[in-house]
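**Student:** Numbering (the working numbering), first residue to last: 11 to 683.
Just so you know, even glycine gets a beta-carbon here, dropped at the ideal spot from N, CA and C.
Please read through the structure below; I'll follow up with questions.
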Amino acid sequence: MDFFEHQEVARRSTRRLIVLFAIAVLCVVVAVNLVGAALYFAFVLPAGGAWATAALPNGFFLTNTIVVVGLIAGGTAIEMSALSSGGDAVAKMVNARPVDPKTVDLLDRRILNVVEEMAIASGVPVPRVYVMDEESSINAFAAGHSINDAVIAVTRGTLTRLNRDELQGVIAHEFSHVLNGDMRLNMRLIGILFGLTVVAMAGRFLLEIAGRSRGGGRSGGGVLAALFLAGVSLWVLGYIGVFFGRLIKAAVSRQREFLADASAVQFTRNPDGIGGALRKISGLTASEGLGTRIDHPQAEALSHLFLGAARPTFASGLYATHPSLAERVRRIYGRAMEPLPAPEDRLALSLGGLSPAEERPRSPIRFVPTPGAAPSAQTGGMASFPQAMSPVAGLVAAGGAAAARITEAVGKVNSPRSVDFALGDAQRATLAALRAAAADAARSQLLVLALLLDSNAELRAQQRKVVAEAYGAEALPVIDDDQARIQQLPPGARQPLVDVAMPALRKLPADVRQRLLRVAHTLIVADGRLSVREFLLYTILRRRLGPDAGRAVPVRYQSVGELSQQAGLVLSLTAAVRMPERAELAFNAGALLLPGVDVQFTAADALRLDEVSAALDQLNQLAPLVKPRLIKAATAVAFADNATNWRAASTLRMFCAALDAPLPPQLVAVEAG
C-alpha cells in the first residue's frame, strides 16, 4: 500500500463513519420519541384517561425528531466550524504551546530538527510543532485537514523520556497519519462525537434549570417535576450517542495505528525507534501508571488522535481506541519484548532547562518569541494573473541531452548528481544560514520574495520599490543579502527553501499571508511576463498559503481519462523544461505510463500557463488512487534520461504541491543526495 491507497482507505472509512453516525442518530431519535411519548402520557394525559384510546398530538414524533436531529447536527456543525482553522485549533484545545521555529532552547531545537528531517524525507511541507508542557506521559498527535495545515504535538514526557531515535520513531508514526489521510478523518470524528453528546448536554442543562428554579404552588411543582424528568431522560438517552461515539472511535482508529507503526519503521528503517518508544510506554505504565495518559479535560474527545490511549479506562476492551501495546510491539519485532524503563533523562532535562516533573508540575521550558511581523500592507483583493500568459517557449534555457530508452525502473537515480543540485562546503554553510532565516516569521517572508528578485538591475530596482512599500525600507538590505546568498546556491537547492519556510509562514495571520501573496504576484508581473520559474514558485505559495490551503478538495473525477487534456498540458510543460530540444520524446516517456488515456502533446510555443494553472486545479479533484498514475507519468518525463535538471525537478515539486501529494522518492533522493 502507498500514500494514495491509504488516502482511498481513509475515504472509505469516512463513508463508514457517516453510516455509523446515521445509525447512532437514529437510535437516539427513536429512544427520545419513546420516552417522550411515555412522559406525555404520564404528565399530560388527563387523569383517568386510557392509554389504549389516547392519541398523541399531531406532529409529536416529527417535532421530537426535528429537535433531536437539529441538536446533533447543530452541535456537529458548531464544532466543525471551530476546527476550521485546522491543526492549530486542535493544539489549542489541549493548551499546547507552539514551538518557535527559531527558538534557542536545545530541547525544542531537537524536536524541530527531527520534524524537519521527517518532512524532507517524506516530501511534505514542514508542519508546525506544539508541546504539551503539563503532560509528563509519552504521547503525541498529528492534526489538520490536509498536509498544508498539519501540526504535530508532543508531550513533555516525549521530549524528556525518549532518546533521539525513539523520538524520531514517534514523529515518523505521526507523519504516517499526516500522509495517509487519517488527520482529516480524525477531525471529522471530533465534530461528530461532539454532536452525539449534545443531547446529553441538553439534558444536563434542563437539570440545572430545574435545580435553580423555585416553583410556586402545585402547578409549579408539576412543571418542575416534568422538567426534571425530561432532563434526566435526555441526559440518560444522550449517553446512547456517547456509547456509539466511543464505538465509532474504536472502529475507525484501531487498525490505522498498526499501519502508522509499520510506516514509522519504514520511514526510519529502525524498528527500535517506534518500538523502543512503545516499550518505554509499557515500562512507564507499569512503574508509575502514567504511560500515555493525558490529564487535560479534552483528552477523551481527542483520544483517537493520540499515539497511545489518552485515558487508561479506554486502553482495552470494547472502547479501546488503540491496539494493546504488547500487540503493537509484537508486530514490530515479530516477537514479544520486555518493557523498558522510562525515567526522565538528565541530559534532556538539562537541554531544556527543566526540573524533574515530580518537583515542578508546570514545565518552565523557555519560549523565545518571534519578533512581530512587519505591519500589514494596505488590504485589498489579490490581482489575478493576466488572462494572456507568456508562452513557455523562450522562457526555458536551451539544452538537454539525447534521451535514453525508459526502462521499467523509471526515475531511479543511478548517475552522478547534476551540478543543478551538488553543494560544496561553502554552499552548505550558505544553505544552513538561509534555512535559519526561513524559521523566522518576518525573515521567511523576505526570503520568499528574494527568490523572485530578477537578475536584471533595472527590473530588480522596480521590484525593490514594491518590497519597500509593503515592508519598509529596512527590509531592502535583508532581501538583497538573501538574494546574494541564494545566487550562490545551485538552482536545484533554491525552491525547496519554500517548504522549509512553511511553518513560519503558516503561523502568520491571514491578512499577512494575503499580503505576501499579493507582493509576490506584483514582483512576478513587474516585467509584464511570467516565466516558468516564477509560475512554479507562485503555484506552490498559493496552494500552501492561499485561502483554500486547508480546505478539503472534493473528488469529482474517477479516472485520468476524464481529464486527458489537462494531464497532457502538465506532461507537456514538464517535457518542455526537461528537454527543450526534444520535448516530445520526454513527453512520450510519461504518456507510455498512461495506457488508454488520450494525452496530447502541446508544443512549448503553444503552452499557456494560465491553462496549466486551471488544469492543476481540476487534476487535484481526482480520486486518491488515480493520482499515482499521473505523478508516475510526470516523474518519468522529469527523469526522461535517467536524470533530471532543476527546472524539471521544480516542475515536479510544484505538481505534487498542487495535488496535495508528497514528493516522489526519486525527487527526494536527487535533491537530498
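I'd like to know whether the C-beta atoms of L49 and L269 end up nearer to each other than 9 Å.
**Tutor:** No, they are not a contact pair.
**Student:** For Q276, which residues of its own chain have a beta-carbon under 6 Å away from its beta-carbon, when the five flanking residues on both sides are left out?
**Tutor:** Contacts found: none.
**Student:** Taking A514 and S454 to be in contact with their CB atoms under 8 Å, please state how far apart those CB atoms are, rounded to whole angstroms.
**Tutor:** Yes, A514 and S454 are in contact; Cβ-Cβ is about 4 Å, under 8 Å.
**Student:** Could you check if F204 is buried or exposed, using at least 16 other CB atoms within 10 Å of its CB as the buried criterion?
**Tutor:** Buried is the call here.
**Student:** Give me the Cα-Cα distance between M142 and V104, rounded to the nearest whole angstrom.
**Tutor:** So the alpha carbons of these two residues sit roughly 7 Å apart.
**Student:** Between A212 and I76, what straight-line distance do the alpha-carbon atoms span, to the nearest angstrom?
**Tutor:** About 15 Å.
**Student:** Which residues in the same chain as T207 place their Cβ atom closer than 8 Å to its Cβ, once the five residues preceding and following it in sequence are excluded?
**Tutor:** Contacts found: G85, G248, G251, V252, G255.
**Student:** Over what stretch of residues does the alpha helix (DSSP H) that includes M512 continue unbroken?
**Tutor:** Start and end: 507 to 516.
**Student:** Among residues of its own chain, excluding the 5 on either side of A658, which ones have a beta-carbon nearer than 7 Å to its beta-carbon?
**Tutor:** Only T584, V587, R588, A648 meet the Cβ criterion.
**Student:** Given a cut-off of 9 Å on the beta-carbon distance, is the pair D271 and R356 in contact?
**Tutor:** It is not a contact, given that the beta carbons lie outside the stated cut-off.
**Student:** Can you tell me where the beta strand (DSSP E) with V141 in it begins and where it stops?
**Tutor:** Per DSSP, V141 belongs to the beta strand (DSSP E) from 138 to 142.
**Student:** Kindly indicate the opening and closing residues of the beta strand (DSSP E) around A153.
**Tutor:** Per DSSP, A153 belongs to the beta strand (DSSP E) from 150 to 153.
**Student:** Fully enclosed by the region 249 to 323, which alpha helix (DSSP H) runs are 4 residues long or longer?
**Tutor:** Whole alpha helix (DSSP H) segments, 4+ residues: 281 to 298.
**Student:** Could you work out which residue in E184, V563, S660 is closest to S541 when comparing CA atoms only?
**Tutor:** Measuring from the Cα of S541, the nearest candidate turns out to be S660.
**Student:** Can you tell which of P506, Y481, A494 has the C-alpha that lies nearest to the C-alpha of V522?
**Tutor:** Minimum Cα distance to V522 is reached at Y481.
**Student:** Express the C-alpha separation of L234 and H155 in angstroms, rounding to a whole number.
**Tutor:** So the alpha carbons of these two residues sit roughly 45 Å apart.
**Student:** Look at the alpha carbon of P366 and the alpha carbon of I202, and state the distance between them as a whole number of angstroms.
**Tutor:** Answer to the nearest angstrom: the Cα atoms are 38 Å apart.
**Student:** Rounded to the nearest angstrom, what separates K642 and F597 at their Cα positions?
**Tutor:** Looking at the two C-alpha atoms, the distance is approximately 12 Å.
**Student:** Would you please state the rounded distance, in angstroms, between the beta carbons of L315 and A153? I believe it to be under 8 Å.
**Tutor:** Going by Cβ atoms, the distance from L315 to A153 rounds to 6 Å, so yes, they are a contact pair.
**Student:** At what residues does the beta strand (DSSP E) containing A163 begin and finish?
**Tutor:** Start and end: 161 to 165.
**Student:** DSSP three-state label for L632, please.
**Tutor:** If DSSP states are grouped into helix, strand and coil, L632 belongs with the strands.
**Student:** Relative to the C-alpha of H332, which candidate in E310, P353, G344, Y343 has its C-alpha closest?
**Tutor:** Of the listed residues, the one whose Cα sits closest to H332 is E310.
**Student:** Return helix, strand or coil for P108, following the three-state DSSP convention.
**Tutor:** Note: P108 maps to strand in three-state DSSP.
**Student:** With a cut-off of 8 Å on the beta carbons, I'd call A686 and I148 a contact; round off their distance for me.
**Tutor:** No information on residue 686 is available, as it lies outside the stretch 11 to 683 that the chain covers here.
**Student:** Could you give the residue range of the alpha helix (DSSP H) that holds A494?
**Tutor:** From DSSP, the alpha helix (DSSP H) with A494 extends over 485 to 498.
**Student:** To the nearest angstrom, how far is the alpha carbon of D159 from that of V609?
**Tutor:** Each residue's alpha carbon lies about 33 Å from the other.
**Student:** Please classify K290 as buried or exposed, where buried requires at least 16 other C-beta atoms within 10 Å of its C-beta.
**Tutor:** Buried, by the Cβ-count rule.
**Student:** Between R663 and Q437, is the Cβ-Cβ spacing less than 9 Å?
**Tutor:** No. Outside cutoff.
**Student:** Using a threshold of 9 Å, state whether the C-beta atoms of E354 and T170 are closer than that.
**Tutor:** Against a cut-off of 9 Å, the Cβ pair of T170 and E354 comes out as a contact.
**Student:** DSSP puts R528 in a beta bridge; with which residues?
**Tutor:** Paired residues: none, contrary to the question.
**Student:** Got a sec? Which residues, its chain only, sit under 8 Å from E127 by beta carbon, not counting five neighbours each side?
**Tutor:** Here the set comprises Q178.
**Student:** Report the rounded CA-to-CA distance for G606 versus L527, giving the unit in angstroms.
**Tutor:** If I take the Cα positions, the gap works out to 39 Å.
**Student:** Going by beta-carbon coordinates alone, are S465 and Q498 separated by less than 9 Å?
**Tutor:** Result no, Cβ atoms of S465 and Q498 do not sit closer than 9 Å.
**Student:** Can you name, in chain order, every residue of its own chain whose Cβ lies under 6 Å from the Cβ of P351, other than the five neighbours on each side?
**Tutor:** Once the five neighbours on either side are set aside, the close Cβ partners of P351 are G293.
**Student:** Here's the rule I'm using: 16 or more other beta-carbon atoms within 10 Å means buried, otherwise exposed. How should K112 be labelled?
**Tutor:** Buried, by the Cβ-count rule.
**Student:** May I ask you to list the residues that DSSP assigns as paired with D567?
**Tutor:** For clarity, residue 567 is Tyr in the given sequence; the question names Asp instead. Answer is L632, bridged to Y567.
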